[in-house]
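As numbered in UniProt numbering, residues 1 to 139 make up the sequence shown, in order. Ideal Cβ placement from N, Cα and C applies to all residues, glycine included. Okay, structure first, notes after.
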Amino acid sequence: MLYEELTAMENLSYFASLHREGSCACVGSPEMALRAVGLDPSLNRPIGQYSQGMRQRASLARVLQTDPELLLLDEPFSNLDVTSANHMVELLADFRTWPVQGGDSRTILLTTHQAHFAEPLADTTLVMRAGQIVETRTR
Numbered sequence: 001m002l003y004e005e006l007t008a009m010e011n012l013s014y015f016a017s018l019h020r021e022g023s024c025a026c027v028g029s030p031e032m033a034l035r036a037v038g039l040d041p042s043l044n045r046p047i048g049q050y051s052q053g054m055r056q057r058a059s060l061a062r063v064l065q066t067d068p069e070l071l072l073l074d075e076p077f078s079n080l081d082v083t084s085a086n087h088m089v090e091l092l093a094d095f096r097t098w099p100v101q102g103g104d105s106r107t108i109l110l111t112t113h114q115a116h117f118a119e120p121l122a123d124t125t126l127v128m129r130a131g132q133i134v135e136t137r138t139r
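And the structure:
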């Protein structure tokens, strides 16, 4: 969720103020989070004027600045052109490599109808039909 009347920096600064202890050594500030997802922190336009791909990257930046060990994403590639979707895959693959306190790994759980984008990220893929798991693939 982002406030459409605010800029990306204003949105991220606001949400960062709600999670003071959640600063990330990998991303840290709202400026760094926006740069990490390929957005210019100085872009002085409300989120409501962003393209769908830019909005999704800004939403991802908002989440990443809290340094989550578990990232839940619902259709992160929907409404993205191929270039933007590939960029999202690169961002998520990079996120998996960020260090975690205690040495644990990061987990991404996502749903998508565009499996070809998700497969490079997946250690395990579940294929569902009519609410039932019909196939499990492990890399």
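If we require 4 or more residues per run, which alpha helix (DSSP H) segments fall completely within the stretch 71-129? Listed in chain order, they are 82-96, 115-118.
Spell out a yes or no on whether the stretch 46-54 and the stretch 74-94 are touching, meaning 3 or more CB-CB pairs, one atom from each, closer than 8 Å. yes
Residues sharing a beta bridge with Ile-133, DSSP: Met-128
Same chain, Cβ closer than 6 Å to Leu-109, neighbours up to 5 away in sequence not counted: Leu-72
DSSP on Pro-30, reduced to helix/strand/coil? helix
Let me make sure I understand the geometry here. Which of Arg-106, His-19, Leu-18, Thr-138 has the alpha-carbon closest to that of Glu-69? Arg-106
Compute the Euclidean distance between the alpha carbons of Cys-24 and Gln-65, then round it to the nearest angstrom. Confidence at Cys-24 is low in this model, with a pLDDT of 48, below 50, so its placement is unreliable and the value that follows should be read with caution. Approximately 6 Å between the Cα atoms of the pair.
Nearest to Thr-7 (by Cα), restricted to the options Ala-93, Leu-92, Arg-45, Arg-129: Of the candidates Ala-93, Leu-92, Arg-45, Arg-129, the one whose C-alpha sits nearest the C-alpha of Thr-7 is Arg-45.
Using a Cβ-Cβ cutoff of less than 7 Å, which residues in the same chain neighbour Leu-91 once the five nearest sequence positions on both sides are dropped? Val-37, Leu-60
Can you tell me where the alpha helix (DSSP H) with Leu-18 in it begins and where it stops? Judged by DSSP secondary structure, Leu-18 falls within the alpha helix (DSSP H) whose first and last residues are 8-18.
Can you give the beta carbon distance from Asn-11 to Ile-47, rounded, assuming they're within the 8 Å contact cut? 6 Å
Can you tell me whether Gly-22 is buried or exposed? The criterion is at least 16 other CB atoms within 10 Å of its CB, across all chains shown. Low confidence applies here, because Gly-22 scores a pLDDT of 47, under 50, leaving its location unreliable and the question unanswered by this model.
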